[in-house]
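> Chains A and B are the protein sequences, given in the same order. To convert, note that position 176 of the first sequence is 288 in the working numbering; the numbers rise steadily by one, no gaps. To convert, note that position 83 of the second sequence is 106 in the working numbering; the numbers rise steadily by one, no gaps. Next up is a structure, given as structure tokens.
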Amino acid sequence: MSRRTITELARALRAREVSSRELAAVALARIEAADGELNSFISVEPAMALAAADRADQQLARGEGGPLTGIPFAHKDIFCTAGVKTTCGSKMLAGFIPPYDATVVSRLAEAGIVMVGKTNMDEFAMGSSNETSFFGPVRNPWDPHRSPGGSSGGSAAAVAAGLVPAATGTDTGGSIRQPAALTGITGLKPTYGRVSRYGMVAFASSLDQAGVLTLSAEDAALLLGAMAGFDPRDSTSADLPVPDYAAQLGSAVAGKRIGLPKEFFDAGLEPASATAVREALRIYERLGAKLVEISLPSLALSVPTYYIVAPAECSSNLSRFDGVRFGYRHEGAQTLEELYKKSRGHGFGAEVKRRILTGTYVLSAGYYDAYYLKAQKARQLIADDFRRCFADVDIIAGPTAPTPAFRLGEKVDDPVQMYLNDIYTIAVNLAGLPGLSIPCGFSAGLPVGLQLIGPHFGEGPLLNFAHVYQRETDWHTRLPPGAAVGAPSGAINGGIAPEGAPTGAPTGKPR
Amino acid sequence: MKLTRQDVEQIAHLARLEIGTDEIDGVVEKLDRIVSFVDQLQAADTGSVAPMAHPLDMAQRLRPDAVTEQNRRDDYQRNAAGVADGFYTVPRVIE
Chain A
113 MSRRTITELA
123 RALRAREVSS
133 RELAAVALAR
143 IEAADGELNS
153 FISVEPAMAL
163 AAADRADQQL
173 ARGEGGPLTG
183 IPFAHKDIFC
193 TAGVKTTCGS
203 KMLAGFIPPY
213 DATVVSRLAE
223 AGIVMVGKTN
233 MDEFAMGSSN
243 ETSFFGPVRN
253 PWDPHRSPGG
263 SSGGSAAAVA
273 AGLVPAATGT
283 DTGGSIRQPA
293 ALTGITGLKP
303 TYGRVSRYGM
313 VAFASSLDQA
323 GVLTLSAEDA
333 ALLLGAMAGF
343 DPRDSTSADL
353 PVPDYAAQLG
363 SAVAGKRIGL
373 PKEFFDAGLE
383 PASATAVREA
393 LRIYERLGAK
403 LVEISLPSLA
413 LSVPTYYIVA
423 PAECSSNLSR
433 FDGVRFGYRH
443 EGAQTLEELY
453 KKSRGHGFGA
463 EVKRRILTGT
473 YVLSAGYYDA
483 YYLKAQKARQ
493 LIADDFRRCF
503 ADVDIIAGPT
513 APTPAFRLGE
523 KVDDPVQMYL
533 NDIYTIAVNL
543 AGLPGLSIPC
553 GFSAGLPVGL
563 QLIGPHFGEG
573 PLLNFAHVYQ
583 RETDWHTRLP
593 PGAAVGAPSG
603 AINGGIAPEG
613 APTGAPTGKP
623 R
Chain B
24 MKLTRQDVEQ
34 IAHLARLEIG
44 TDEIDGVVEK
54 LDRIVSFVDQ
64 LQAADTGSVA
74 PMAHPLDMAQ
84 RLRPDAVTEQ
94 NRRDDYQRNA
104 AGVADGFYTV
114 PRVIE
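Given below as structure tokens:
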């Protein structure tokens, strides 16, 4: 069974080979067939999806609409959707129905996207394996005993398995790039401030950024163009024009300088992943780019810095969940203080509680300077490393994650081991830079991700680097075994049938 | 410094977070591991470095002092566990 990119589907829609309603029906049928095992969706909205698809079909019939009109799509369940349950993977918000849309949701809806449902995620986006979700772990389509990564694990699994062609994610410390790497798809985290955070449930406000998980860099460029841009409702939204990202794709990388941080290729990197990443770099070299060794000497500080800054901001942001105005309320409380404590104690899961406690501790009287202030200074050192490097190189490249997908349950009892999985992604958030992950090979049958990092607001060149690589290789077209099994066949698939897309055993070489 | 059960209970109180008696030992153990891990930052030389609160060099925007939002109290209160006459209700605070 095939997975089709947005670009391919848009072409089929425009040629009237398939209708948006048919595409939505296929997506809904695939979710119905495959998601019992994957658990990638928290909610599915058939009636809403089909109504949006019909509107898209009417637009297309009038010759209107853009490249996203009529494309089935999923939102991570962290984005508020008016009238549709938004849980953030938590018991705390299990019954929460937002009275408004996040800006990301409304902008994509205006562009004609058809939302079919909301995807599973680590609770409040706190996790790297999707195992902290109140709604249960998501399974990796490449191996159901393994994690798809997190926190945007539901979006990653749904796209990798071909249930939807693309989905939104959010990335505070690697939550788009790491799951994209672990499921063999493309994941883009834009520059901090590029995409509005309005209506996106807050975790760590100086780090959170919305992005997308897709089957190609080209699709990511189309989606970013629709999502990005100034939003007066987000006080840290960047007031800068949005370039035509899709139009920038295809330019030559000859003569460009790619920085390889030596700290990204240390002993912590699994050997087969290292080999896949080095092979990918050779392709850029063949295209005329120059590989330059660089150093990010403060990189080792990034995980401890993050686990002070992010919990501190989380403890503040999550203080709004008090059992009074919205969210879970414990009914056994006799006093107001008990209402707060019991609602929060029973409404939050173990990892969220750990982060709230860590954050409260590092901000408490007597510890603020030693932890929070110290971490803010270390953050400056980490950002300085990147500033210095980008004076000399156009882009930075390396692995996305130290290992391919790990087994469900493997790291769940050791929070520090879990945190270290984000060693190559976290510094990018601390510095506010754009980063993406694209598939670049396999390690024992599991996908490996190549991470590319650009300077602030350098998404155009960043996506171009990814696109140029995807024109030279076919890793991004590899399908997990049994992707989208049980999808309906016949007329509906006629227009979007596979054309020799390689499936299963990942033994191929870059073409 | 090792975190004690009393430390964690005090932090949990500050965070208004009930920790069940069945989970407290595990919470103390894991929190102590996390704090020991982030403690490695103490060795970093950050002497004269300016603290960084935000990734972009931006200032807080100002906007005209004009009403831009409508009153949607009823919409917002639909998500509350207890409301009466437009107010949120909580357990009795004053005896």
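Ideal placement from N, C-alpha and C gives every residue a C-beta, glycine not left out.
Can the beta-carbon of ALA314 of chain A be found less than 7 Å from the beta-carbon of LEU334 of chain A?
no
> At a CB distance below 9 Å, what residues from the segment 82-109 of chain B approach chain A? Give them in sequence order.
GLN83, ARG84, ARG86, THR91, ARG95, ASP98, TYR99, GLN100, ARG101, ASN102, ALA103, ALA104 and GLY105
> Relative to the alpha-carbon of ALA107 of chain B, which residue among A:PHE460, A:VAL196 and A:ARG437 has its alpha-carbon at the smallest distance?
A:ARG437
> From PRO179 of chain A to THR119 of chain A, what does the alpha carbon distance come to, in whole angstroms?
7 Å
> Span of the beta strand (DSSP E) holding CYS552 of chain A?
547-555
> Considering just the uninterrupted stretch of the beta strand (DSSP E) at MET227 of chain A, what are its terminal residues?
Where MET227 of chain A is concerned, the enclosing beta strand (DSSP E) stretches over 226-231.
> Where do the N-terminal and C-terminal ends of the beta strand (DSSP E) with VAL271 of chain A fall, by residue?
Counting along the chain, VAL271 of chain A falls outside any beta strand (DSSP E), though it belongs to the alpha helix (DSSP H) covering 265-272.
> Please compile the residues from chain B whose C-beta is within a distance smaller than 8 Å of the C-beta of LEU451 of chain A.
Per Cβ cutoff of 8 Å: VAL113 and PRO114.
> Just confirm the distance between the C-beta atoms of ALA163 of chain A and GLY224 of chain A, as a whole number of angstroms; I'd bet it's less than 8 Å.
The pair is not a contact, with the Cβ atoms about 13 Å apart (cut-off 8 Å).
> Excluding sequence positions up to five away, which residues of its chain have a Cβ less than 8 Å from the Cβ of LEU520 of chain A?
SER241, GLU243, PRO249, ARG251, HIS257, ARG258 and SER259
> Identify, in the order they occur along the chain, each residue of the same chain with its Cβ nearer than 8 Å to the Cβ of VAL113 of chain B, setting aside the five sequence neighbours on each side.
GLY105
> The alpha helix (DSSP H) spanning VAL61 of chain B covers which residue range?
Where VAL61 of chain B is concerned, the enclosing alpha helix (DSSP H) starts and stops at 47-61.
> Alpha carbon to alpha carbon, how far is ASP351 of chain A from ARG306 of chain A?
9 Å
> Any C-beta of chain B within less than 8 Å: which residues of the segment 573-585 of chain A qualify?
none
> The ligand NAD heavy atoms versus the CB of PHE554 of chain A: any closer than 6 Å?
Ligands in the displayed structure: none, and consequently the ligand NAD is not present.
> Since ILE34 of chain B meets chain A, which of its residues come closer than 8 Å, beta carbon to beta carbon?
LEU469, THR472, TYR473 and SER476
> Specify the secondary structure class of LEU408 of chain A as computed by DSSP and reduced to three states.
Coil.
> Of all the residues that make up the segment 24-57 of chain B, which are near chain A by a beta-carbon distance shorter than 9 Å?
LEU26, ASP30, VAL31, GLN33, ILE34, ALA35, HIS36, LEU37, ALA38, ARG39, LEU40, GLU41, ILE42, GLY43, GLU46, GLY49, VAL50, LYS53, LEU54, ARG56 and ILE57
> Beta strand (DSSP E) containing GLY563 of chain A: first to last residue?
The question names Gly, yet the displayed sequence has Gln at residue 563 of chain A. Note, GLN563 of chain A: beta strand (DSSP E), 558-565.
> Thinking C-alpha only, which one of B:ILE42, B:ASN94 and B:THR69 is nearest LYS465 of chain A?
B:ILE42
> Please determine, among A:GLY471, A:ALA462 and A:SER287, the residue with the shortest C-alpha to C-alpha distance to ASN429 of chain A.
A:GLY471
> Exposed or buried, PHE110 of chain B, counting other C-beta atoms within 10 Å across all chains shown (16 or more means buried)?
exposed
> Between the C-alpha atoms of GLU330 of chain A and ILE370 of chain A, what's the straight-line distance to the nearest angstrom?
Approximately 21 Å, taken between the alpha carbons.
> Would you call the CB atoms of SER431 of chain A and ALA539 of chain A closer than 7 Å?
no
> Please return the same chain residues whose Cβ sits closer than 6 Å to the Cβ of ASP497 of chain A, not counting the five positions on each side in sequence.
LEU408 and SER410
> Would you check if there are 3 or more beta carbon pairs closer than 8 Å linking the segment 219-234 of chain A to the segment 182-200 of chain A?
yes
> Whose CA, out of A:GLY296, A:VAL404 and A:SER152, lies closest to the CA of ALA503 of chain A?
A:VAL404
> Please check if any C-beta of chain A sits within less than 7 Å of the C-beta of ALA66 of chain B.
Interface annotation, ALA66 of chain B: not in contact with chain A, CB-CB separation never under 7 Å.
> So what's PRO260 of chain A in DSSP terms, helix, strand or just coil?
coil
> 7 Å is my cut-off, CB to CB: does SER241 of chain A come that close to chain B?
no
> How many Å lie between ASP320 of chain A and MET312 of chain A at the Cα?
Using only the alpha carbons, I get a separation of about 9 Å.
> Compare the C-beta of ARG432 of chain A with all C-beta atoms of chain E and state if any pair is closer than 7 Å.
This model lacks chain E altogether, as its protein chains are A and B.
> Among A:PRO516, A:GLY400 and A:GLU450, which one has its Cα closest to the Cα of GLY380 of chain A?
A:PRO516
> Considering just the uninterrupted stretch of the beta strand (DSSP E) at SER155 of chain A, what are its terminal residues?
153-156
> Going along chain B, which residues have a C-beta under 7 Å from THR417 of chain A?
LEU64
> Give me the DSSP bridge partner(s) of MET312 of chain A.
A:PHE191
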